[in-house]
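First comes the structure, then the notes that go with it.
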Amino acid sequence: MAPRSERFDDLVIDAASRLEERWGRPFPPVEFGVEDVPPSDPAPWEHSEVSLGRLFGPEGKMPARIVVYRRPVETRVQGGRELASLVSEVVTEQVAALLGVAAEDLDPELGPED
Numbered sequence: 009m010a011p012r013s014e015r016f017d018d019l020v021i022d023a024a025s026r027l028e029e030r031w032g033r034p035f036p037p038v039e040f041g042v043e044d045v046p047p048s049d050p051a052p053w054e055h056s057e058v059s060l061g062r063l064f065g066p067e068g069k070m071p072a073r074i075v076v077y078r079r080p081v082e083t084r085v086q087g088g089r090e091l092a093s094l095v096s097e098v099v100t101e102q103v104a105a106l107l108g109v110a111a112e113d114l115d116p117e118l119g120p121e122d
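The C-terminal residue of the sequence shown carries number 122 in our numbering, and the numbering is unbroken.
And the structure:
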C-alpha cells in the first residue's frame, strides 16, 4: 500500500491530467507540487483563511508552479471520494488562474450550485 502522501500526490497528477485532456491542448509550462502546509506568510492578495492551493507564476527560466497543500485539504473532507473531489477542485481553480479562464470553463461541474 502506498503511503497517504503518495496517494495524495497521485490525486493531484490525475486531476491535472484529466484537466489537460478536457482542455484539449497542452498547458503552458507548469509544474505541480504538493506541500504539507502553506507558508506562514501568505501573499498580500490571499485571504486570511488557510490556503488549499497556490499558483506561483513563472520566474526567469522557471515555469509556473501549482502547489496543493495536503493537510488543509485533508482536514476538510471525510473520505477518499471527497478527497479526490476537493483535490480536483483545487487543481482546477489554480490551472484556471494560470490560463486566465473561469474554473467552470475547465470543469463545468464546478459551476454555481442550485
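The beta-carbon is built from N, C-alpha and C at its ideal position, and this holds for glycine as well.
None of these values were measured; they are calculated from a predicted model.
- Taking C-alpha positions only, residue 18 is separated from residue 69 by approximately 26 Å.
- The distance from the Cβ of residue 113 to that of residue 104 is about 7 Å, consistent with a contact at the 8 Å cut-off.
- Annotation: residue 99 to residue 22 spans about 10 Å, alpha carbon to alpha carbon.
- Of the candidates 93, 14, 26 and 31, 31 places its Cα closest to the Cα of residue 109.
- Under the rule that a run must span 3 or more residues, the beta strand (DSSP E) segments found entirely inside the region 21-103 read 38-43, 61-64 and 72-77.
- Here residue 118 is actually not in contact with residue 90; their C-beta atoms are around 15 Å apart, not less than 8 Å.
- The residue among 115, 14, 44 and 13 with its C-alpha nearest the C-alpha of residue 79 is 44.
- Exclusion of the five residues before and after residue 59 leaves 46, 50, 77 and 80 as the residues of its chain whose Cβ lies within less than 8 Å of its Cβ.
- The straight-line gap separating the alpha-carbon atoms of residue 61 and residue 101 is approximately 9 Å.
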